[in-house]
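Asker: The following block contains the structure, expressed as structure tokens.
Residue numbers (the working numbering), protein chains in the order written: chain A, 76 to 314; chain B, 216 to 520.
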């Protein structure tokens, strides 16, 4: 695993070599705080917590992380650099992990940059810091799973648009499964089935974190989803 | 250094590479020739471990590429076709990345290696420019620099001079030649004169199979006109001359064609002096004396068409 570091470094700083990274960060921050304040009615709730901010996260990630992740492997395939990369003394899994971790670190940077929201609730009221910290932790963990799915879809094709669309669809499904609206729609099914389905959802497993609970099951869900997606990425790239 | 054993690669129903065998030793520069789609690049990609063969083996330094991919890749410097590089990086950043992956841990050693290839490939003036802003010639040289950074015993170059201007081509060839002494080099090219100028051995590959594996010299000798002469006489009975020349033991054949005499040597030997001397001795006055220029193009065309 010694080769993960150079790949991580190249990829992580690579984000900042192009203007796309800055555009992404700015739009992400504007959208996530905008949705919190306007759609989430942050002030009307009159509660010093970030729960409205966190409820929006899975929906925002569906699009934003797919946008970050679509180029992960598609771009390498399109430009032919994967041929260079895979003829260097690097194991495919090292490359997959290195690039994934770099993307994750980049997204984590974006999430961390929403800290003014935290300051806002701290200034305006006396929030319970527990849910805020577990929420941020869960949020970054969940972002990792979104990105791992993107890593998988971008390994499938050299076309970034196709990669984006497929990852949005998969991620959206994984969000939808836990959405109350969907549970109502399929309420004719036995409750156990609905429960089982919603167990595959980001939202279901993120809820605990956003409420300040650290549930081991949720941690395992996100980690195993990431692991499986990355494993699929390696398998596809190894052909 | 490189052993390729009955290598096959099938894409769906297409046999891209169909039973290729050859060996390359240190000190050899092997030219890989063939029409587009003949399987040159695929074979090279299998040597470098990028493409998995359907069957057959590649051994580099005695190690199987499929079994020891990382050890083999450490021994190989590979320049893929069109020299793909990370365009958003500067030349220095890119070479630094390659050096990190190639395991240069000592910073001064790394710096030295990068300085060396920048000098070698004349990249110093563009070191801090991002690669995507460079001209094709420079990009190609960055790809080359990347391949030789760790001074590998095996170099695989897929069309290293493609897209370069004539001066740059000459320069790259010069670099390759200087490095050839202790390396096994395989390069593919479309340019036939490059093979004669550079390679110690040529493999012609067509439809996935090796159809010739020999020195450029002996490949040239496959041309019917190799060392043949065309002579026009001022005043001489052509029939007499023909019969006189045909008697010489070194001559395989002589023919009259449109008032000129064509002389073909035995064993493709050079007969210029012999013929000139014979004509002088017999007082056959020559008005025009021409040696056919034989290029590889004709041989190549005959073999692959």
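We put the beta carbon where it would ideally sit given N, CA and C, even for glycine.
The structure presented is a predicted model; accordingly, all values stated were derived computationally and were not measured.
#1: Mapping DSSP to helix, strand and coil, what is residue 373 of chain B?
#2: Within the 8 Å Cβ cut-off, does residue 94 of chain A reach chain B?
#3: Starting from the beta carbon of residue 78 of chain A, find every residue of chain B whose beta carbon is closer than 7 Å, and list them in chain order.
#4: Starting from residue 480 of chain B, trace the beta strand (DSSP E) in both directions and tell me its first and last residue.
#5: Near residue 280 of chain A, which residues of its chain fall below 7 Å by C-beta distance, leaving aside the five closest residues on each side in sequence?
#6: Would residue 154 of chain A pass as an interface residue toward chain B - the criterion being a Cβ-Cβ separation below 8 Å?
#7: At 8 Å on the CB atoms, spell out the chain A contacts of residue 197 of chain B, in chain order.
#8: Name the residues in the stretch 144-178 of chain A whose C-beta lies less than 7 Å from a C-beta of chain B; which are they?
#9: What are the start and end residues of each continuous beta strand (DSSP E) run of 3 or more residues lying completely inside the stretch 481-515 of chain B, in chain order?
#10: Give me the Cβ distance between residue 229 of chain A and residue 153 of chain A, rounded to the nearest whole Å; I'm assuming they're in contact under 8 Å.
#11: Does residue 301 of chain B come within less than 8 Å of chain A when only Cβ atoms are used?
#12: Three-state secondary structure (DSSP) at residue 187 of chain A?
#13: For residue 369 of chain B, decide whether its Cβ has a neighbour in chain A, counting only Cβ atoms nearer than 8 Å.
#14: Measure the alpha-carbon distance for residue 118 of chain A versus residue 127 of chain A and round it to whole angstroms.
#15: Quick check: the stretch 429-443 of chain B against the stretch 260-275 of chain B, are there 3 or more CB pairs under 8 Å?
#16: Going by DSSP, name the residue or residues bridged to residue 273 of chain B.
#17: Give the DSSP-derived three-state secondary structure of residue 448 of chain B in the structure shown.
#18: Give the range of the alpha helix (DSSP H) segment to which residue 309 of chain A is assigned.
#19: Helix, strand or coil, according to DSSP, for residue 361 of chain B in the structure here?
#20: List, in chain order, every chain B residue whose beta-carbon is nearer than 9 Å to that of residue 89 of chain A.
#21: So does the stretch 167-178 of chain A actually touch the stretch 320-333 of chain B, counting three or more Cβ pairs closer than 8 Å?
#22: Identify, in the order they occur along the chain, each residue of the same chain with its Cβ nearer than 7 Å to the Cβ of residue 379 of chain B, setting aside the five sequence neighbours on each side.
#23: Cβ closer than 7 Å: which chain A residues qualify as neighbours of residue 527 of chain B?
#24: Verify whether the separation of the beta carbon atoms of residue 188 of chain A and residue 307 of chain A is less than 8 Å.
#25: If you follow the alpha helix (DSSP H) that residue 245 of chain A is part of, which residue opens it and which one closes it?
#26: Within this structure, are the beta carbons of residue 235 of chain A and residue 149 of chain A separated by less than 8 Å?
#27: Could you give the C-beta distance for residue 285 of chain A and residue 213 of chain A, rounded to a whole number, given that I count them as a contact under 8 Å?
#28: Would you tell me roughly how many angstroms separate the C-alpha atoms of residue 522 of chain B and residue 342 of chain B, rounded to the nearest one?
#29: Residues of the stretch 230-257 of chain B in Cβ contact with chain A at a cutoff of 8 Å, in chain order, please.
#30: Based on the DSSP secondary-structure assignment, which residues constitute the bridge partners of residue 424 of chain B?
#31: How close, in whole Å, do the beta carbons of residue 242 of chain B and residue 366 of chain B come, if the pair is a contact with beta carbons under 8 Å?
#32: For residue 293 of chain B, go through chain A and note every residue whose CB falls closer than 7 Å to its CB, in chain order.
#33: Please report how far the alpha carbon of residue 288 of chain A lies from the alpha carbon of residue 165 of chain A, in whole angstroms.
#34: Using the three-state DSSP reduction, which class does residue 285 of chain A fall into: helix, strand or coil?
#35: Along the stretch 398-432 of chain B, what residues have a CB closer than 8 Å to any CB found in chain A?
#36: Which residues mark the beginning and the end of the alpha helix (DSSP H) in which residue 90 of chain A is found?
Answerer: This is what the structure gives:
#1: Indexing the second chain from 1 puts residue 373 of chain B at position 158. Reduced to three states, the DSSP call for residue 373 of chain B is strand.
#2: Taking the first chain and counting its residues from 1, one reaches residue 94 of chain A at position 19. It does not; no Cβ of chain B falls within 8 Å.
#3: In the first chain, residue 78 of chain A corresponds to position 3, counting from 1. 316, listed in chain order.
#4: Sequence index remark: in the second chain, residue 480 of chain B carries index 265 (1-based). Looking at the DSSP string, the run of the beta strand (DSSP E) that includes residue 480 of chain B is 475-480.
#5: Against the first chain, residue 280 of chain A aligns to sequence position 205. Hits under 7 Å: 293, 296, 297.
#6: Indexing the first chain from 1 puts residue 154 of chain A at position 79. At least one chain B Cβ lies under 8 Å of residue 154 of chain A.
#7: The structure shown has nothing for residue 197 of chain B, since chain B only spans 216 to 520.
#8: 154, 155, 156, 158, 159, 161, 162, 163, 164, 165, 166
#9: 501-506
#10: Translated into positions along the first chain, residue 229 of chain A becomes position 154. Translated into positions along the first chain, residue 153 of chain A becomes position 78. Actually they do not touch by this definition, with Cβ atoms about 10 Å apart.
#11: In the second chain, counting from the first residue as 1, residue 301 of chain B sits at position 86. Yes, contact with chain A.
#12: Residue numbering aside, residue 187 of chain A sits at position 112 when the first chain is read from its first letter. Looking at residue 187 of chain A - three-state DSSP - the assignment turns out to be helix.
#13: Here residue 369 of chain B corresponds to residue number 154 of the second chain, with the count starting at 1. By this cut-off, residue 369 of chain B is not an interface position.
#14: Taking the first chain and counting its residues from 1, one reaches residue 118 of chain A at position 43. Taking the first chain and counting its residues from 1, one reaches residue 127 of chain A at position 52. Those two C-alpha atoms are separated by around 10 Å.
#15: no
#16: Mapped onto the second chain, residue 273 of chain B falls at position 58. Partner(s): B:219.
#17: Your numbering for residue 448 of chain B matches position 233 in the second chain. The answer is strand: DSSP assigns residue 448 of chain B an E or B state.
#18: For this step, residue 309 of chain A is matched to residue 234 along the first chain. Unbroken alpha helix (DSSP H) run through residue 309 of chain A: 291-313.
#19: Indexing the second chain from 1 puts residue 361 of chain B at position 146. Helix at residue 361 of chain B.
#20: Position 14 of the first chain, counted from the start, is the residue given in the question as residue 89 of chain A. Under the 9 Å cutoff, chain B gives 301, 303, 304.
#21: no
#22: Stepping through the second chain from its first residue, residue 379 of chain B is reached at position 164. Closer than 7 Å at Cβ, skipping near neighbours: 352, 355, 387.
#23: Since the first and last residues shown for chain B are 216 and 520, residue 527 of chain B lies out of range.
#24: Reading the first chain from its first residue, position 113 is the one you call residue 188 of chain A. Reading the first chain from its first residue, position 232 is the one you call residue 307 of chain A. No; because the gap between Cβ atoms is not below 8 Å, this pair is not in contact.
#25: Start at 1 with the first residue of the first chain, and residue 245 of chain A comes out as number 170. Per DSSP, residue 245 of chain A belongs to the alpha helix (DSSP H) from 235-251.
#26: On the first chain, residue 235 of chain A is found 160 positions in, with the first residue counted as 1. On the first chain, residue 149 of chain A is found 74 positions in, with the first residue counted as 1. Yes, the pair counts as a contact, with Cβ atoms nearer than the cut-off.
#27: Translated into positions along the first chain, residue 285 of chain A becomes position 210. Translated into positions along the first chain, residue 213 of chain A becomes position 138. Indeed, because the Cβ distance is near 6 Å, the residues count as touching under 8 Å.
#28: Nothing about residue 522 of chain B can be reported from this structure: the residues present for chain B run from 216 to 520 only.
#29: none
#30: On the second chain, residue 424 of chain B is found 209 positions in, with the first residue counted as 1. Answer by DSSP bridge pairing, in chain order: B:421.
#31: For the purposes of this step, residue 242 of chain B is identified with residue 27 of the second chain, where counting begins at 1. For the purposes of this step, residue 366 of chain B is identified with residue 151 of the second chain, where counting begins at 1. Contact flag wrong, Cβ pair sits at about 15 Å.
#32: Locating residue 293 of chain B in the second chain gives position 78, counting from the first residue. Within 7 Å Cβ-Cβ: 162.
#33: Mapped onto the first chain, residue 288 of chain A falls at position 213. Mapped onto the first chain, residue 165 of chain A falls at position 90. The alpha-carbon atoms of residue 288 of chain A and residue 165 of chain A are separated by roughly 40 Å.
#34: As a first step, residue 285 of chain A is located in the first chain; it is residue number 210 there, counting from the start. Here residue 285 of chain A sits in helix by DSSP.
#35: none
#36: In the first chain, counting from the first residue as 1, residue 90 of chain A sits at position 15. Taken as a continuous stretch (DSSP letters only), the alpha helix (DSSP H) holding residue 90 of chain A covers 79-92.
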